[in-house]
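Position 182 of the sequence shown, counting from 1, maps to 203 under my numbering, and the rest follow consecutively.
For glycine and all other residues, C-beta sits at the position ideal for the given N, C-alpha and C.
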Amino acid sequence: MAARVHASRLARFGNSSQSASIRFAFVIGALLTIIYFAGRAVSVHYNNSVKGRVTVPVHHKNSVKGRVTLCIPALPKDLLKNSGAVFRETLQSISEQSTPPYEVIIGLSESTTFEGMRLQSMFKRSLGQIPLRIVSTTERGSVGANRNRAAREAVTEYVSFFDADGDLMHPRRIELIENTFRLYSAALIVLHSYTKEKTIATEDTVSFDLISAKELCNINSLRSRSIDKALFQPQREWLLPDIHHGHLSVRTSLVKAKPFSEDFLGREDSQYINEVVENAQCSSAKSAVFIRTPLTLNYIPRSLQPSQ
Numbered sequence: 022m023a024a025r026v027h028a029s030r031l032a033r034f035g036n037s038s039q040s041a042s043i044r045f046a047f048v049i050g051a052l053l054t055i056i057y058f059a060g061r062a063v064s065v066h067y068n069n070s071v072k073g074r075v076t077v078p079v080h081h082k083n084s085v086k087g088r089v090t091l092c093i094p095a096l097p098k099d100l101l102k103n104s105g106a107v108f109r110e111t112l113q114s115i116s117e118q119s120t121p122p123y124e125v126i127i128g129l130s131e132s133t134t135f136e137g138m139r140l141q142s143m144f145k146r147s148l149g150q151i152p153l154r155i156v157s158t159t160e161r162g163s164v165g166a167n168r169n170r171a172a173r174e175a176v177t178e179y180v181s182f183f184d185a186d187g188d189l190m191h192p193r194r195i196e197l198i199e200n201t202f203r204l205y206s207a208a209l210i211v212l213h214s215y216t217k218e219k220t221i222a223t224e225d226t227v228s229f230d231l232i233s234a235k236e237l238c239n240i241n242s243l244r245s246r247s248i249d250k251a252l253f254q255p256q257r258e259w260l261l262p263d264i265h266h267g268h269l270s271v272r273t274s275l276v277k278a279k280p281f282s283e284d285f286l287g288r289e290d291s292q293y294i295n296e297v298v299e300n301a302q303c304s305s306a307k308s309a310v311f312i313r314t315p316l317t318l319n320y321i322p323r324s325l326q327p328s329q
């Protein structure tokens with residue numbers, strides 16, 4: 022009899038212990054679940070991403086308003102011309118800007134990731150405190166493809182393009198481009214002229230010409246009926262002779278939605294300018310702004326000039 026009572030008590034104790042273990046496991050599981058989702062909530066708030074999907078950090082949504090990222094399309098040989106001295110001259114003119122760009126991004130093709138990192142380390146000192154990134158691919162890429170590669174990485178509201186062949190910047194180039202977008206809020210593209218003089222004036226005032234989509238379409242229409250027919254192909258070149266087509270500045274959202282042509286035929290810059298404005302069907306209030314002041318010094322770099 023006593024043995025049966027003892028066994029009964031053990032059974033009840035075992036059942037009680039099992040129930041307690043189940044309750045304990047349930048509580049621990051609930052706590053871990055709460056901690057997990059709380060952590061994910063913090064992660065999503067911070068990164069604006071969900072694990073397992075494409076990560077899009079908050080700052081990748083063009084959240085840096087009013088600022089310009091400088092994008093430079095290049096091949097390794099462009100950066101290494103004359104042991105890198107030519108490109109360093111360009112970088113020096115960038116580092117001396119009255120308003121520095123938010124960041125400099127080089128779209129590099131025909132380059133391994135390792136070589137891109139080596140070049141980035143080689144040139145970053147020339148920019149001082151301005152961040153430098155090199156986005157590289159081993160594939161053969163056109164100038165347009167390298168423009169797109171750099172622009173896709175930009176986190177600012179605007180991007181401005183420049184070359185790696187020794188051109189120098191007006192000391193106020195970035196400042197004036199940002200001011201122009203601020204003054205002309207409807208502008209999609211900001212353009213400027215260039216000079217082959219050995220120095221660039223640093224005027225305190227700048228003249229602006231507002232070029233409407235309708236005016237541009239009319240220019241292209243006239244050209245299409247004359248020069249293009251004579252050449253048997255549409256060159257679609259903007260007829261203002263002193264525009265530096267390659268150094269255009271555009272809204273980042275625009276170039277990401279409508280990238281440059283990536284073929285190897287050239288003229289991707291002037292083609293882009295024309296197509297963007299013509300897309301407004303010649304009647305839109307959207308416009309391009311042309312800065313008369315030469316903001317690019319386009320001449321033989323000092324490092325390539327013959328010794329005196």
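DSSP places Thr177 in the strand class (E or B) of the three-state scheme. Between the region 174 to 190 and the region 82 to 99 there are three or more inter-stretch CB-CB distances shorter than 8 Å, so the stretches are counted as touching. Only residues of its own chain outside the window of five on either side were considered, and among them Ile155 have a CB closer than 8 Å to the CB of Met138, listed in chain order. About 12 Å separates the beta carbons of Thr159 and Arg170, which is beyond the 8 Å limit, so they are not a contact pair. By the neighbour-count definition (other C-beta atoms within 10 Å, threshold 16), Thr133 is an exposed residue.
As DSSP reads the structure, Leu91 sits in a beta bridge with Val125, Ser181. Here the C-alpha atom of Arg288 lies approximately 31 Å from the C-alpha atom of Ser142. A direct Cα-Cα distance of roughly 32 Å separates Thr177 from Asn103. Boundaries cannot be given for Ser206, as no alpha helix (DSSP H) includes it and DSSP labels it neither H nor E.
Annotation: Ile155 is outside any alpha helix (DSSP H); the continuous beta strand (DSSP E) that includes it extends over 153 to 157. Residue environment: Gln150 is assigned as exposed (fewer than 16 neighbouring CB atoms within 10 Å of its CB, all protein chains considered). Cβ-Cβ distances below 7 Å link Gln113 to Ser147 in the same chain, with the five nearest sequence neighbours on each side left out; the list follows chain order. The Cβ-Cβ distance between Leu91 and Leu140 does not fall below 7 Å.
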